[in-house]
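Numbering (the numbering used here), first residue to last: 6 to 453.
The beta-carbon is built from N, C-alpha and C at its ideal position, and this holds for glycine as well.
Being a predicted model, the structure only gives us computed values, none of them experimental.
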């Protein structure tokens with residue numbers, strides 16, 4: 006795990022936490038959203054939760070944002086990698102598999118928790134842990150056992166998932182997605198519980214905010230003297246609203262006025278601005294669309310025109326194209342419309358082929374900061390299926406989850422993939438799916 010020092014700076018206070026050094030050894034049954042929620046913007050609650058009228062102050066010394074510093078030696082020229090993984094969806098089959106692994110590990114005295122997810126991520130751990138900064142979207146709440154661990158359609162992942170992500174090497178956890186309020190129906194406080202849970206971990210969270218001041222405090226991750234601002238928004242929350250028991254919390258719905266204010270503030274405070282967007286159409290079932298909607302493309306251009314450097318897209322549960330956009334000032338913005346799923350047990354193979362966005366953050370000897378060498382690194386979520394035993398939704402039980410970089414995936418693994426219950430495909434099918442979607446300029450050499 007990378008060394009890191011966490012400094013949380015709010016609008017009203019500054020809190021210094023101690024440096025922490027740790028070391029580590031080297032999902033969807035059917036759809037994930039609802040049909041009425043497959044719009045780019047959420048029509049409800051925009052006036053109450055979008056903080057549209059709140060100014061982001063950038064001229065006062067106490068508005069520098071929330072900064073996480075990942076330290077290393079200072080040099081005149083700096084280069085480090087940034088990686089971003091997509092939707093981490095903890096379906097019922099995922100946490101049941103993790104529970105069975107915990108029982109097995111406990112029998113050998115190697116683990117004492119209730120759920121053991123770490124093994125599932127071993128296939129990407131080297132890439133994630135060696136990156137300068139690593140981001141992931143945690144789909145849905147981590148709201149505690151008191152609300153009941155559950156999968157689709159109302160997610161609540163076991164708390165052990167957070168430890169697994171941190172042990173894998175992730176530094177930034179995105180929480181803005183359509184399932185973030187799954188545990189906020191009635192008087193339940195899943196959103197607040199999730200925020201409180203992640204505050205106990207040595208990571209930066211984006212996309213979940215305790216109040217308007219918190220929402221308008223720019224998150225900044227600083228490494229090797231380079232400051233990266235991170236913003237996050239979601240199109241909606243599946244029609245769910247904040248619990249009446251959690252007043253004041255802010256859900257970052259997509260709102261152009263707010264996005265404009267945040268990006269302008271972020272540019273004043275940071276060298277680079279990265280925007281996480283939960284948007285587009287949820288793709289599941291026997292057909293899929295791996296191209297962005299007109300709304301996605303229009304909003305991406307809007308963000309590029311504001312001067313953001315990178316847009317990290319997710320939610321469609323399939324991969325979508327990656328490209329450069331030119332902003333109105335001539336700036337270049339890298340956009341991945343969707344990096345797809347990371348971990349899940351969705352049924353079809355195209356939902357189980359995702360990717361990790363990778364690029365270098367560079368500061369040259371003249372002091373210019375930019376991104377370089379962007380790549381899309383395909384990942385396969387592998388599992389086996391047992392049709393003789395069904396889960397609570399009537400689907401074949403899925404187990405043996407493991408993530409593989411596509412270059413490490415084999416014909417033998419393909420033949421045993423649980424998606425074979427629903428799809429006919431070969432390794433060439435998977436390769437073709439990736440190369441038909443992602444431009445070769447962003448693909449590793451083995452796919453060119």
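Query	Result
Terminal residues of the continuous beta strand (DSSP E) containing residue 367?	358-368
Do three or more CB pairs link the segment 300-319 to the segment 257-276 at distances below 8 Å?	yes
With C-beta atoms as the reference, is residue 366 less than 9 Å away from residue 86?	yes
Could you check whether residue 316 and residue 472 sit closer than 9 Å to each other, using their CB atoms as the reference points?	In the structure displayed, the chain extends from 6 to 453; residue 472 sits before or after that span and is not available.
Helix, strand or coil for residue 195, going by three-state DSSP, please let me know.	helix
DSSP state of residue 5, grouped into three classes?	Only positions 6 to 453 of the chain appear in the structure, and residue 5 is not among them; the question remains open.
Where are the alpha helix (DSSP H) runs, 4 residues long or more, that stay fully inside the segment 376-437, in chain order?	416-421
Residue 132 and residue 410: beta carbons closer than 9 Å?	yes
Look up residue 215 in the DSSP assignment and say whether it is helix, strand or coil.	coil
Does the distance from the CB of residue 180 to the CB of residue 251 come in under 9 Å?	no
In the DSSP assignment, what are the bridge partners of residue 209?	177
Would you mind working out which of 404, 436 and 153 sits nearest residue 421, comparing C-alpha positions?	404
Pull up the CB-CB distance for residue 434 and residue 388, whole angstroms please, since I reckon it's below 8 Å.	Residue 434 to residue 388, Cβ: 17 Å. No contact.
Are the beta-carbon atoms belonging to residue 127 and residue 407 less than 9 Å from one another?	yes
Out of 257, 452, 436 and 182, state which residue places its alpha-carbon closest to the alpha-carbon of residue 483.	No information on residue 483 is available, as it lies outside the stretch 6 to 453 that the chain covers here.
If we ignore side chains and look at the alpha-carbon of each, how far apart do residue 438 and residue 202 end up?	37 Å
Can you tell me whether residue 256 is helix, strand or coil according to DSSP?	coil
Count the CB pairs spanning the segment 237-247 and the segment 277-286 that are closer than 8 Å, and state whether there are at least three.	yes
Based on the DSSP output, what are the partners of residue 283 in its beta bridges?	239 and 319
Leaving out five residues on either side along the sequence, give the residues of the same chain with a beta carbon under 7 Å from the beta carbon of residue 38.	Here residue 38 scores only 39 on pLDDT, less than 50, and its place in the model should not be relied on; the value that follows carries that caveat. Around residue 38: 183, 243 and 287.
From the DSSP output, in three-state form, read off residue 108 for me.	helix
Going by Cα to Cα distance, which pick from 307, 394 and 369 is closest to residue 337?	307
Could you give the first and the last residue of the continuous beta strand (DSSP E) run that contains residue 325?	No beta strand (DSSP E) holds residue 325; DSSP gives it neither H nor E.
Does the Cβ of residue 349 lie closer than 8 Å to at least one heavy atom of the ligand SAH?	Absence of the ligand SAH from the depicted structure is noted, as is the absence of any ligand whatsoever, leaving it without description.
Rounded to whole angstroms, what's the CA-CA distance from residue 157 to residue 345? Just pull it up for me.	17 Å
Excluding five sequence neighbours on each side, which residues of the same chain lie with their C-beta closer than 8 Å to the C-beta of residue 414?	385, 387, 432 and 435
Thinking C-beta only, is residue 148 closer than 9 Å to residue 174?	no
Could you have a look at residue 172 and say whether DSSP puts it in helix, strand or coil?	helix
By Cβ distance, which residues of its chain are closer than 7 Å to residue 447, with the 5 residues on each side in sequence left out?	327, 379, 380 and 381
Give the DSSP bridge partners of residue 457, in chain order.	Since the first and last residues shown for the chain are 6 and 453, residue 457 lies out of range.
Since residue 305 contacts residue 330 with CB under 8 Å, what's their CB separation in whole angstroms?	6 Å
Check each candidate in 377, 166 and 428 and name the one with the smallest Cα separation from residue 102.	166
So what does residue 2 bridge to, in DSSP terms?	Residue numbering for the chain in the displayed model covers 6 to 453; residue 2 lies beyond these limits and cannot be assessed.
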